Amino acid sequence: MTMNKLTKLFIILLLFAFSQAQANEKIFVVERNDSALSVIENHKHKSRITNLHNFNHAVVKFHKNEGFMITRDGYVIKFDPVTEEKLKEYKTSKSAIGFVIEDRYLAVANYDNKTVEILDHDLKSIQSFTTDSKNVGIKIYKDYLVFALMDKDEVWVLKDQAPSAKTPNFKLQKSFKNIGTAPFDAMINDQFYIVGFFNSPHVGVIDLEKMSFSKLELALGNKQPVLKVPHFGFWSISADRIFIPAVGDNKVFVFDSKFNFVKAIDVAGLPVFTSLSPDKKQLAVTFSGEHFPIVEIIDTESLKITQNFDFKGKVLHLRWSKLEPLIYISNNSDSKVLAYNTQDWTKQFEVPVKKPSGIFIYSNAADH
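Right, dumping it as structure tokens:
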């Protein structure tokens with residue numbers, strides 16, 4: 001090998017080593033009972049962000065180097081994920097449930113008061129839409145803001161009239177009525193907004209390019225009481241599969257990318273979260289009720305359950321690492337976050353966190 005080639009190889013190895021050193025994940029974990037976020041870094045507990053209001057159903061999201069969260073009692077909080085400092089807060093309602101972030105704005109779906117509010121990144125109100133309903137399943141597609149009205153069995157589509165301006169200006173473009181009874185959450189796949197219902201045996205699909213609505217019928221068995229609301233999410237969509245947790249049945253439904261039914265996978269209990277691994281090869285499922293301690297892993301090719309864990313305590317959330325072959329599991333009963341190797345499924349470490357629930361990852365080397 002010539003000296004020139006050796007030099008190039010050395011530079012490549014140096015760059016790779018540098019990129020690996022720069023790659024880093026911070027794990028932000030909701031402390032459900034203590035109005036706090038715990039921070040895990042390098043597999044150890046690092047710090048806490050405190051005084052964050054009612055954290056019973058807190059959601060954390062990241063946009064570039066900004067962190068935002070919403071609380072059960074309607075606060076939107078901005079924080080710095082690098083310095084781990086709370087920056088400011090804004091009370092949007094008495095109860096908030098979900099939000100989305102774009103370069104110019106945040107949009108919050110409120111339960112009470114019954115509004116959807118648009119904020120800038122400094123948490124200043126831009127617009128507010130009164131819906132007379134609890135609002136769920138809020139998503140962004142191009143210039144559209146889409147959400148479901150739980151109490152009115154509708155989906156509203158707002159369109160930004162000023163997509164090139166510094167400040168958005170939304171107006172109601174279309175409302176879809178009588179789509180199903182009690183919509184509770186939604187996911188989006190390309191131009192398709194997919195919404196689930198508490199009391200209808202189907203999933204609704206809205207094509208946002210054609211502004212058309214269709215139904216996907218679900219073969220539900222004997223419906224059981226729902227103890228914890230299932231959650232849809234972008235993380236349940238792979239290149240050619242869509243995974244939908246059943247409402248009131250021990251099943252995960254599988255559709256292909258054209259919404260053809262593929263299979264109903266029988267699982268241990270009533271599913272709550274279905275979460276795909278970064279490589280889309282494995283799906284983790286959590287449950288409610290007596291099956292709270294169980295986590296099942298499904299192979300997305302064979303659609304068979306390959307791993308079954310019983311953690312002897314209430315598992316409220318999980319999250320796949322983006323940088324390591326790890327899955328983080330929130331064991332609320334034992335006040336621990338567990339990390340398992342996703343190659344051999346052995347426990348790698350655990351971190352004490354008071355009554356943990358939601359797990360959210362901030363990475364400087366991966367999509368947020």
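Going by this note's numbering, the final residue of the sequence shown carries number 368, and the count climbs one at a time with no gaps. Virtual Cβ for every residue (Gly too), placed ideally from N, Cα, C. Keep in mind that this is a model prediction, so the values were computed, not measured.
Secondary structure at glycine 289: helix, using DSSP grouped into helix, strand and coil. Ranked by Cα distance from aspartate 120, the first of Asp153, Lys78, Leu106 is Leu106. A direct Cα-to-Cα measurement between leucine 208 and phenylalanine 349 gives close to 44 Å. The Cβ-Cβ distance between valine 146 and valine 136 does not fall below 8 Å. Among the bridge pairs identified by DSSP, arginine 48 is matched with Ser38.
About 15 Å separates the beta carbon of tyrosine 340 from that of leucine 323, a gap too long to meet the 8 Å contact definition. Serine 333 carries a coil assignment under DSSP once its states are collapsed to helix, strand and coil. Excluding residues up to 5 positions away in sequence, Gly74, Tyr75 lie with their Cβ nearer than 6 Å to the Cβ of lysine 91 in the same chain. By the C-beta criterion, the region 188-201 is judged not to be in contact with the region 161-172, since fewer than 3 inter-stretch pairs fall below 8 Å. The residue among Lys304, Val285, Asp80 with its C-alpha nearest the C-alpha of serine 330 is Val285. DSSP places serine 93 in the coil class of the three-state scheme, outside both helix and strand. In this structure, the straight-line span from the alpha carbon of alanine 219 to that of phenylalanine 259 is close to 14 Å.
Nearest to valine 262 by alpha-carbon distance, out of Lys304, Leu123, Gly180, is Lys304.
Beta-bridge pairing by DSSP links proline 245 to Val252.
Spatial neighbours of isoleucine 140 in its own chain (CB-CB distance under 7 Å, excluding positions within 5 residues in sequence) are listed in chain order as Val100, Glu102. If you keep only unbroken beta strand (DSSP E) runs of at least 3 residues inside the region 54-142, you get 59-63, 66-70, 75-80, 85-91, 95-101, 106-112, 115-119, 125-130, 135-141.
When the beta-carbon positions are compared, glycine 269 and histidine 291 come within less than 8 Å of each other. With fewer than 16 other Cβ atoms inside 10 Å of its own Cβ, leucine 172 counts as exposed.
In this model, glycine 289 and isoleucine 27 are separated by some 26 Å (Cα to Cα). In this structure, aspartate 143 sits near lysine 159, with a CB-CB distance shorter than 8 Å.
Serine 302 carries a coil assignment under DSSP once its states are collapsed to helix, strand and coil.
With a cutoff of 8 Å on beta-carbon distance, asparagine 250 and aspartate 240 are scored as not near each other. Checking the DSSP bridge columns, you'll see isoleucine 361 partnered with Ile27. Comparing C-alpha distances from methionine 150 to each of Phe184, Ser128, His53, Asn178 shows the shortest one belongs to Phe184. Excluding sequence positions up to five before and after histidine 53, its CB lies within less than 7 Å of the CB of Ser35, Thr71, Asp73, Tyr75, all in the same chain and listed in chain order.
Nearest Cα to leucine 316 within the set Ser277, Ile359, Asp344, Glu217: Ile359.
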